[in-house]
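J.: Have a look at this one before I ask anything.
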Amino acid sequence: MKKELLEEVKFECPKCRHNEVEEVLINACVSSVIANIFSEELEYASGYEVHDADVDRYQCVKCGHIVAKTIKELYAVCNRMQD
Ligand SMILES: [Zn+2]
4 MKKELLEEVK FECPKCRHNE VEEVLINACV SSVIANIFSE ELEYASGYEV
54 HDADVDRYQC VKCGHIVAKT IKELYAVCNR MQD
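Using the numbering used here, you'd call the opening residue of the sequence shown number 4 and step up by one each time.
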């Protein structure tokens with residue numbers, strides 16, 4: 004489905020009013036490209052890339068308050084906060 008057809012809501016933490024939410028992943032398969040190899044250390048070319056993971060929860064970036072477990076639940080919480 005096109006994003007333009009979807010309804011957007013803004014996040015606001017019910018506890019601290021912060022407006023950044025983060026997705027916390029578990030069981031992730033993560034990789035990083037190596038730029039240089041040293042005797043006891045590696046230097047990475049970029050950040051980590053997540054190939055496969057499960058979403059555990061959505062939480063407030065600031066206070067860590069767990070808001071939802073699924074996208075639908077997150078949307079519902081944000082939708083309710085707007086009223
Ligand atoms: Zn918060």
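Every residue gets a Cβ at the ideal spot worked out from N, C-alpha and C, and that includes glycine.
Residues near ligand 1, CB to any non-hydrogen atom under 6 Å, in chain order?
T.: Proximity to ligand 1 was defined by a C-beta distance below 6 Å to any of its heavy atoms, and the residues meeting it, in sequence along the chain, are Cys16, Lys18, Cys19, His21, Cys63, Lys65, Cys66 and His68.
J.: What do you reckon, are the CB atoms on tyrosine 78 and valine 12 nearer than 8 Å?
T.: Yes; because the gap between Cβ atoms is below 8 Å, this pair is in contact.
J.: Can you list, in chain order, the residues of its chain whose CB lies under 8 Å from that of lysine 65, leaving out five sequence neighbours each side?
T.: Cys16, Cys19, His21 and Glu23
J.: By how many angstroms is the C-alpha of methionine 84 removed from the C-alpha of glutamate 43?
T.: 50 Å
J.: Among Val27, Asp59 and Glu52, which residue has its Cα nearest to the Cα of valine 36?
T.: Each of Val27, Asp59 and Glu52 was checked against the Cα of valine 36, and the nearest Cα belongs to Glu52.
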